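Per our numbering: the sequence shown = residues 247 to 736.
Beta carbons: idealized from backbone N, C-alpha and C, even for Gly.
Source: prediction; values computed, not measured.
Right, one structure below, let's go through it.
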Amino acid sequence: DDAVAAAVEPRNDRLLGGLLSPDFDDSSCLSRYRAGLYRRQSPHAVSPHLVASLRRYESIHRRCGPGTSAHERAVARLGSPPSNTSDADAECRYLVWTPLEGLGNRMLTLTSAFLYALLTDRVLLFHHPAGDGLRDLFCEPFPGSTWTLPEGDFPFSGMQGFNARTRESLGNALRRGEGADRDPPPPWMYVHLRHDYNRNGNDPRFFCDDGQDALRRVGWVVLLSDNYFVPGLFLVPRFERALSRVFPRRDAAFHHLGRYLLHPSNTVWGMVTRYHTSYMACGAAERVGIQVRSFYWARISTDELYGQIMSCAHGENILPRVPQQEPNFTAAGEQPAAAGRRKAVLVVSLHGAYSERIKDLYYEHGTASGESVSVFQPTHLDRQRSGEQLHNQKALAEMMLLSFSDVVVTSAASTFGYVGHGLAGLRPWVLMSPLEKKVPDPPCRLAATIEPCFHTPPNYDCRTRAKGDTGKMVRHIRHCEDFENGVQLV
Ligand code: GDP
247 DDAVAAAVEP RNDRLLGGLL SPDFDDSSCL SRYRAGLYRR QSPHAVSPHL
297 VASLRRYESI HRRCGPGTSA HERAVARLGS PPSNTSDADA ECRYLVWTPL
347 EGLGNRMLTL TSAFLYALLT DRVLLFHHPA GDGLRDLFCE PFPGSTWTLP
397 EGDFPFSGMQ GFNARTRESL GNALRRGEGA DRDPPPPWMY VHLRHDYNRN
447 GNDPRFFCDD GQDALRRVGW VVLLSDNYFV PGLFLVPRFE RALSRVFPRR
497 DAAFHHLGRY LLHPSNTVWG MVTRYHTSYM ACGAAERVGI QVRSFYWARI
547 STDELYGQIM SCAHGENILP RVPQQEPNFT AAGEQPAAAG RRKAVLVVSL
597 HGAYSERIKD LYYEHGTASG ESVSVFQPTH LDRQRSGEQL HNQKALAEMM
647 LLSFSDVVVT SAASTFGYVG HGLAGLRPWV LMSPLEKKVP DPPCRLAATI
697 EPCFHTPPNY DCRTRAKGDT GKMVRHIRHC EDFENGVQLV
């Protein structure tokens, strides 16, 4: 079967089971064909339907992407929409993605937008507003074309500021009773999926067939989201069949799509490989990644959080324990079982305190097993600055390094962590959110799935047109363990 075939494929399967297109030259994007060599072999098979659908998407993007005459015509139609119905049915349709929030959020919404584009034969275009700090972060993902929205192409400025009140939003159009029967369709529409989108009943109808009907013939759709909304696409009745074929294992959706789409630029890849070679590569038996994030809404002191990390790491046998009494192996005349074995621990965090303390612990004390533990942290940038290019490049490098781990410990509800373990294809040990500023019990849990959590699901029932609990509608979508309002694919 597929899973077995994937498991026995050689590690140097450079196209990741057909996931990647062979049509790129290697040097323009070194990470594309090489990142796989640094990660554990993915246990998740790529379905032939996913491969077919990616190749199909690539051919559409090549035909319709910026620089083509079809694209020029589509841009012209934005300026002077045809009044005639049949002319309105454009040969190429587009989905414009624009960045919002931190890099982890952006990578998850970009991936979600890509899946939506794949399902609806739209061309995904990446909008770079001034100062987005995203230049020279990612490689071009589609062969023979670009995904960058040419500056000035989209005549409506200020997409960043679109919100629930924007007139052209899907929610507002549906509220006005302007659905699929609008003829000719509007030249563009806005899909509002920011965290407040489910406050009224119309924006969430994006995840219903009638919402999709209203968008179907619209040439340009602009999307603003800070949510991993892939699970929502699994709720749309009309996508059900395609999605079950493309992702027979639903819980690997981000894992595959992310490895297809998100390739760090050569600049970022340089950071990744230099760090890896200098610190992580040499002879470690196991690589442990620990991602530490603390949120303002889940305050906990440094002491408490350090305690939580270590009680998770020791309790789950992720890191060796240190006995109270210094072990005296030489006196006993024998070697401990794991002598000479080394664990390399990569800590990523905005703060340096956690890795310092873990390092101190293993410097001051020997381990019961005789294993040695080396601890590394590439940066501690102190605070988030998501508009700065170098800051984002470092964050991306660290997500990549995290994805090379054999075992990952991540922080609850962090999209940064989701990207790291999602690309790795691992279920992480999740440091649960604190309870009244104290370490929760248990301090961490092995996640049920490798999938990211969709933090604000629609909570809308398309059939009854009333509020409903997204986590209770279908078997394969459940509430997240790390963020109870959210839902995830299992
Ligand atoms: P989330 O807030 O944890 O969901 O993740 P985001 O990636 O969306 O936003 C957090 C941002 O803070 C990141 O994109 C980085 O800019 C910064 N950041 C947070 N944790 C780290 C870290 O461990 N390393 C680095 N380099 N940056 C971090």
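- The shortest C-alpha to C-alpha distance from ARG533 to any of LEU565, LYS589, ALA658, ASP497 is the one to LYS589.
- Around the CB of ARG539, 16 or more other CB atoms lie within 10 Å, so the residue is classed as buried.
- Of all alpha-carbon atoms in ALA359, ALA419, PRO328, the one lying nearest the alpha-carbon of LEU341 is that of ALA359.
- With contacts defined as CB atoms closer than 8 Å, VAL736 and MET353 fail to qualify as a contacting pair.
- The C-beta distance from THR625 to ASP472 rounds to 24 Å, too long to fall under 8 Å, and the pair is not in contact.
- In the DSSP assignment, LYS589 falls within the beta strand (DSSP E) that extends over 588-595.
- With a beta-carbon spacing of about 15 Å, ARG278 and SER391 fall beyond the 8 Å limit used to define contacts.
- With 16 or more neighbouring CB atoms inside 10 Å of its own CB, ARG368 falls in the buried class.
- Taking 7 Å as the cut-off, one finds at least one heavy atom of the ligand GDP near enough to the beta carbon of GLN537.
- When GLY553, GLN734, TRP515, GLY714 are compared, the shortest CA-CA separation from ALA281 is found for TRP515.
- Bounds of any alpha helix (DSSP H) do not take in TYR436; it lies within the beta strand (DSSP E) bounded by 434-439.
- For a cut-off of 8 Å, the C-beta gap from VAL733 to PRO477 is around 5 Å, short enough to register as a contact.
- Taking 8 Å as the cut-off, the Cβ atoms of THR344 and LEU503 do not count as close.
- The beta carbons of GLN537 and VAL594 sit closer together than 8 Å.
- Between the segment 422-439 and the segment 671-688 there are fewer than three C-beta pairs closer than 8 Å, too few to call the two in contact.
- Residues ASP472, ASN473, HIS701, THR702 of the same chain have their beta carbon placed closer than 8 Å to that of HIS441, with the five preceding and five following residues left out of the count.
- Contact between HIS637 and LEU648 does not hold, since their C-beta atoms are separated by about 17 Å, which reaches or exceeds 8 Å.
- For HIS667, the shortest C-beta to heavy atom distance toward the ligand GDP is 7 Å or greater.
- Your pair GLN458 and VAL492 does not check out as a contact, with CB atoms roughly 17 Å apart and the cut at 8 Å.
- Residue side-chain check: SER632 places its Cβ nearer than 7 Å to a non-hydrogen atom of the ligand GDP.
- The shortest C-alpha to C-alpha distance from PHE650 to any of LEU283, MET405, GLU414 is the one to LEU283.
- By alpha-carbon distance to LEU677, the top candidate from GLY668, ILE696, VAL655 is VAL655.
- Residue nearest to PHE485 within the set ARG520, LEU361, MET645 is LEU361 (criterion: CA-CA distance).
- Residue pairing from DSSP places LEU341 in a beta bridge opposite LEU370, VAL467.
- Between ALA499 and GLU697, the gap from beta carbon to beta carbon is short of 8 Å.
- Only residues of its own chain outside the window of five on either side were considered, and among them GLU304, HIS307 have a CB closer than 6 Å to the CB of PHE388, listed in chain order.
- Contact annotation: THR613 and VAL568 have beta-carbon atoms nearer than 8 Å.
- In this structure, LEU461 is the residue among ARG413, LEU461, SER403 with its C-alpha nearest to the C-alpha of PRO431.
- Under the rule that a run must span 3 or more residues, the beta strand (DSSP E) segments found entirely inside the segment 661-719 read 675-677, 690-692.
- Proximity of the beta carbon of GLY348 to the ligand GDP is indicated: a heavy atom of the ligand is located closer than 7 Å.
- For PHE662, the Cβ falls inside the 7 Å cut-off from some heavy atom of the ligand GDP.
- Just so you know, the alpha carbons of PRO686 and GLY407 end up roughly 38 Å apart.
- Contact check for MET517 against GLN639 passes: the beta carbons are separated by less than 8 Å.
- Not one heavy atom of the ligand GDP is found less than 7 Å from the C-beta of GLU697.
- Rounded to whole angstroms, the gap between the alpha carbons of PHE452 and ALA712 is 14 Å.
- Distance from the CA of ASP427 to the CA of ASP449, rounded to the nearest whole angstrom, comes to 18 Å.
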